[in-house]
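These notes concern the structure reproduced below.
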Amino acid sequence: MLYAVDLLGTFVFALSGAFQANRHGLDFLGFMVLAVATGVGGGMIRDVLLGATPPAALQDEWYLLVCLAGGMAVFWAAPPIARRWNRVLVADAVGLGVFAAMGAARAAAAGLGPIGIVLMAALTATGGGVVRDLLVREVPAVIKGGFYATAALLGGVAFTGTAALGLGEAVAMTTAAVVTTGLRFWAMAHNISLPTGRRFPHLPGDDTGDPA
Amino acid sequence: MLYAVDLLGTFVFALSGAFQANRHGLDFLGFMVLAVATGVGGGMIRDVLLGATPPAALQDEWYLLVCLAGGMAVFWAAPPIARRWNRVLVADAVGLGVFAAMGAARAAAAGLGPIGIVLMAALTATGGGVVRDLLVREVPAVIKGGFYATAALLGGVAFTGTAALGLGEAVAMTTAAVVTTGLRFWAMAHNISLPTGRRFPHLPGDDTGDPA
Amino acid sequence: MLYAVDLLGTFVFALSGAFQANRHGLDFLGFMVLAVATGVGGGMIRDVLLGATPPAALQDEWYLLVCLAGGMAVFWAAPPIARRWNRVLVADAVGLGVFAAMGAARAAAAGLGPIGIVLMAALTATGGGVVRDLLVREVPAVIKGGFYATAALLGGVAFTGTAALGLGEAVAMTTAAVVTTGLRFWAMAHNISLPTGRRFPHLPGDDTGDPA
Numbered sequence: 001m002l003y004a005v006d007l008l009g010t011f012v013f014a015l016s017g018a019f020q021a022n023r024h025g026l027d028f029l030g031f032m033v034l035a036v037a038t039g040v041g042g043g044m045i046r047d048v049l050l051g052a053t054p055p056a057a058l059q060d061e062w063y064l065l066v067c068l069a070g071g072m073a074v075f076w077a078a079p080p081i082a083r084r085w086n087r088v089l090v091a092d093a094v095g096l097g098v099f100a101a102m103g104a105a106r107a108a109a110a111g112l113g114p115i116g117i118v119l120m121a122a123l124t125a126t127g128g129g130v131v132r133d134l135l136v137r138e139v140p141a142v143i144k145g146g147f148y149a150t151a152a153l154l155g156g157v158a159f160t161g162t163a164a165l166g167l168g169e170a171v172a173m174t175t176a177a178v179v180t181t182g183l184r185f186w187a188m189a190h191n192i193s194l195p196t197g198r199r200f201p202h203l204p205g206d207d208t209g210d211p212a
Numbered sequence: 001m002l003y004a005v006d007l008l009g010t011f012v013f014a015l016s017g018a019f020q021a022n023r024h025g026l027d028f029l030g031f032m033v034l035a036v037a038t039g040v041g042g043g044m045i046r047d048v049l050l051g052a053t054p055p056a057a058l059q060d061e062w063y064l065l066v067c068l069a070g071g072m073a074v075f076w077a078a079p080p081i082a083r084r085w086n087r088v089l090v091a092d093a094v095g096l097g098v099f100a101a102m103g104a105a106r107a108a109a110a111g112l113g114p115i116g117i118v119l120m121a122a123l124t125a126t127g128g129g130v131v132r133d134l135l136v137r138e139v140p141a142v143i144k145g146g147f148y149a150t151a152a153l154l155g156g157v158a159f160t161g162t163a164a165l166g167l168g169e170a171v172a173m174t175t176a177a178v179v180t181t182g183l184r185f186w187a188m189a190h191n192i193s194l195p196t197g198r199r200f201p202h203l204p205g206d207d208t209g210d211p212a
Numbered sequence: 001m002l003y004a005v006d007l008l009g010t011f012v013f014a015l016s017g018a019f020q021a022n023r024h025g026l027d028f029l030g031f032m033v034l035a036v037a038t039g040v041g042g043g044m045i046r047d048v049l050l051g052a053t054p055p056a057a058l059q060d061e062w063y064l065l066v067c068l069a070g071g072m073a074v075f076w077a078a079p080p081i082a083r084r085w086n087r088v089l090v091a092d093a094v095g096l097g098v099f100a101a102m103g104a105a106r107a108a109a110a111g112l113g114p115i116g117i118v119l120m121a122a123l124t125a126t127g128g129g130v131v132r133d134l135l136v137r138e139v140p141a142v143i144k145g146g147f148y149a150t151a152a153l154l155g156g157v158a159f160t161g162t163a164a165l166g167l168g169e170a171v172a173m174t175t176a177a178v179v180t181t182g183l184r185f186w187a188m189a190h191n192i193s194l195p196t197g198r199r200f201p202h203l204p205g206d207d208t209g210d211p212a
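Respectively, the protein sequence lines represent chains A, B and C. Number 94 in our numbering belongs to position 94 of the first sequence; there are no gaps in the numbering. Number 154 in our numbering belongs to position 154 of the second sequence; there are no gaps in the numbering. Number 126 in our numbering belongs to position 126 of the third sequence; there are no gaps in the numbering.
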């Protein structure tokens, strides 16, 4: 059941990667690269950081197959998929919840503390999209605004809270997925976003961190 | 022999990184960074994904030395190298084949299935170029068109096919390298590229994957 | 003591990430993402390459907390921090030295040779800034010019030289940190930078490495 929803989420994320390839006029290979990167990128980054190598997405070939299927679907049938976009968005929100729950569970199993767990929930859910956007030279959608990563972060918080109550991993994962998906639906319905800081364009900052 | 060709491929890839630094007007350090990233980036990403850390390119210092030599060659002698560009292209195609063959062999040794092997062949051969292009804020050449990564992918397919026949790793690697390099020569001679999808610029897609 | 300076460096790097978020008009989440990526990104890349997973920054939650504190400080109080920018620069140079020294020491402990040690010193010190700049689609400051990474590289050289004399890790790390921070102060005072190569804009290079 979890596995089926995880594959569904991977497929929907791959669709999003392939539509990005479409917008940028890439060739067939570009569709496949962005579909794979978006579908399994977040989980791969998580597994590499946690030392679980080779990543699950390389050990079980269904993940890659599902990504390729998503990429081909958009390559050959973009308009009919686009007409059903509301259904894609629902599946995407469900996938987001499952990804966040799995990221949190893997991080907890690797012994990370609460902040690390929350970070891994968000990274699993959004890392693929970040890779997708970087490859076509866009600022990652996830840091530009909206409520997407925030839903995954709060799902991670729900996981740590539930786990701290001693309710077991299955309950914690379910809670995390329901919270993430629910928040995402709520944010889509109400067009919620986070506040931005006041901008101070002339402030320094170029000369640290690695100001060169 | 394999080792010598691998170092040659690394050197030629480093040249390509340094020419990218040249085009962007970077300083000496920028030449070295792009030479190293292009020369050993693909193999490093592969080794990290397969859990073979520290990567081979960090354990055997000849790889880094060869990259630095390539970067310095372009920094101080770009025009004579550019005049011999056809020879560089031949060496690059040979390096591409060796990189694809080694990526496929390492992936097979790590227990990956056929799709994972093909993916690792292409990633080893093209990952360095992707890092190179991202660092100077270009859309990676490999997803913009052409037949470069496709040659490596088909080399990976040749590896899995040969290995499935039980012919042993040495034969499979040779086949993969010959197929990749041969396809690359053929594509350069005939200016081959993959089809692009029809573009639907007003389709959705920004709002999934991590639409933010 | 080393731990305290390491956390200070992480905090200052996080400030730099958050100012980058400010310049790009990102929301609260964007501030946090760039603060975390800049503060712990370099060390995470190093730990992943060396196979020390999960990275130290995920095992000890103080690193992430310090990053979040730095991000929030800039989100709510950018102008007073900017007015004290000279102090931030001093702390940043100290952090740079500590990061370089720790990168060199970890690389040596993992059995890398002298070039690998120097590379890891620079990567630890500048990797976070590279990730920060890539996320907002800027060419990494570190390869655009200046003397920032070069100070860390020379700190790595100082580490390998001192270690080769058999003076022990503590002396080598101290030397590396002092050399890096000292060079950074000197470069800031004299506005030093490396030479750039002559540009040959019409040279080839697009068609290798992964010319696509």
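Using N, Cα and C, we set each Cβ at its ideal position, and we do this for glycine too.
Practice problem: Count the other CB atoms, across all protein chains shown, that sit within 10 Å of the CB of serine 16 (chain A); report buried if there are 16 or more and exposed otherwise. | Solution: buried
Self-check item: Residues of its chain near valine 179 (chain B), where Cβ-Cβ distance is below 7 Å and the 5 sequence neighbours each way are ignored
Solution: Leu154, Gly155, Ala158
Quiz item: For threonine 53 (chain A), which residues in chain B fall below 9 Å Cβ to Cβ?
Solution: Val48, Leu49, Leu50, Gly51, Ala52, Thr53, Ala110
Practice problem: Reducing DSSP to helix, strand and coil, say where glycine 17 (chain C) ends up. | Solution: helix
Quiz prompt | Cutoff 8 Å: methionine 173 (chain A) Cβ touching any chain B Cβ | solution = no
Self-check item: CA-to-CA distance, valine 74 (chain C) to alanine 82 (chain C), given in whole angstroms
Solution: 9 Å
Quiz item: Using a C-beta to C-beta distance shorter than 9 Å, which residues of chain A count as neighbours of glycine 97 (chain C)?
Solution: Neighbours of glycine 97 (chain C) on chain A: none; closest Cβ ~13 Å, over 9 Å.
Quiz item: From valine 88 (chain A) to alanine 105 (chain A), what distance separates their C-alpha atoms?
Solution: 25 Å
Quiz item: Is the CB of glutamate 61 (chain A) under 8 Å away from at least one CB in chain F?
Solution: Looking at the structure shown, chain F is missing, and the protein chains on hand are A, B and C.
Quiz prompt | chain A contact for valine 33 (chain C) (CB, 8 Å cutoff) | solution = yes
Quiz item: According to DSSP, what are the bridge partners of aspartate 60 (chain B)?
Solution: Paired residue(s): none; aspartate 60 (chain B) is not in a bridge.
Quiz item: Taking the alpha-carbon positions, what's the leucine 112 (chain B) to threonine 174 (chain A) distance?
Solution: 31 Å
Exercise. Check each residue of the segment 131 to 142 of chain C: if its Cβ is closer than 9 Å to any Cβ of chain A, include it; give the result in chain order.
Key: Arg132, Asp133, Leu134, Leu135, Val136, Arg137, Pro140, Ala141, Val142
Quiz item: Closest Cβ-Cβ distance between leucine 7 (chain A) and chain B: below 8 Å?
Solution: no
Self-check item: Residues near threonine 181 (chain A) in its chain [Cβ-Cβ closer than 6 Å; skip 5 each side]
Solution: Ala93, Val94, Gly97
Self-check item: Residue-chain proximity (isoleucine 115 (chain B), chain A), Cβ-Cβ < 8 Å
Solution: yes
Quiz item: Counting contacts by CB-CB distance shorter than 8 Å, is phenylalanine 11 (chain A) in contact with chain B?
Solution: no
Quiz item: Is there at least one Cβ from chain A nearer than 8 Å to glycine 209 (chain B)'s Cβ?
Solution: For glycine 209 (chain B), the predicted model reports a pLDDT of 45, less than 50, meaning its position is unreliable and no value from the coordinates is stated.
Quiz prompt | Option nearest phenylalanine 11 (chain C) by Cα separation, candidates C:Leu2, C:Thr38, C:Val118 | solution = C:Thr38
Self-check item: the segment 19 to 37 of chain A / the segment 107 to 121 of chain A touching (three or more Cβ pairs under 8 Å)
Solution: no
Quiz item: Along the chain, where does the alpha helix (DSSP H) that runs through phenylalanine 185 (chain A) open and close?
Solution: 169 to 190
Quiz prompt | Whole-angstrom distance between alanine 172 (chain A) and valine 36 (chain B), CA atom to CA atom | solution = 44 Å
Practice problem: Output yes if chain C places a C-beta closer than 8 Å to the C-beta of glycine 70 (chain B); else output no. | Solution: no
Exercise. Check whether the Cβ of methionine 44 (chain A) lies closer than 8 Å to any Cβ atom in chain B.
Key: yes
Practice problem: Indicate whether the contact test is met: 3 or more Cβ pairs, each with one atom in the segment 53 to 67 of chain C and one in the segment 113 to 124 of chain C, closer than 8 Å. | Solution: no
Exercise. Ignore the nearest five residues each way along the sequence and tell me which others in methionine 32 (chain B)'s own chain have a CB closer than 7 Å to its CB.
Key: Leu68, Gly71
Quiz item: Mapping DSSP to helix, strand and coil, what is leucine 137 (chain A)?
Solution: Here the sequence assigns arginine to residue 137 (chain A), which means leucine is not the residue at that position. Residue state, collapsed to three classes: coil.
Quiz prompt | Chain-ordered neighbours of leucine 29 (chain C) on chain A, where CB pairs are closer than 7 Å | solution = Ile143, Ala149, Thr150, Leu194
Quiz item: Going along the chain, which residues of its own chain have a beta-carbon closer than 8 Å to the beta-carbon of leucine 7 (chain A), five neighbours each way excluded?
Solution: Trp62, Tyr63, Val66
Quiz item: Does the beta-carbon distance from glycine 25 (chain C) to isoleucine 143 (chain A) come in below 8 Å?
Solution: no
Quiz item: Beta-carbon of leucine 58 (chain A) versus every beta-carbon of chain B: anything under 8 Å?
Solution: yes
Quiz item: leucine 89 (chain A) by DSSP, collapsed to three states: which one?
Solution: helix
Quiz item: Taking buried to mean at least 16 other C-beta atoms within 10 Å of its own C-beta, is methionine 102 (chain C) buried or exposed?
Solution: buried
Quiz prompt | Straight-line gap, glycine 127 (chain B) to glycine 43 (chain B) (C-alpha atoms, nearest Å) | solution = 8 Å
Quiz item: Got a sec? Which residues, its chain only, sit under 7 Å from alanine 136 (chain B) by beta carbon, not counting five neighbours each side?
Solution: Reading the sequence as shown, one finds valine at residue 136 (chain B) and not alanine. These residues qualify, in order along the chain: Gln20, His24.
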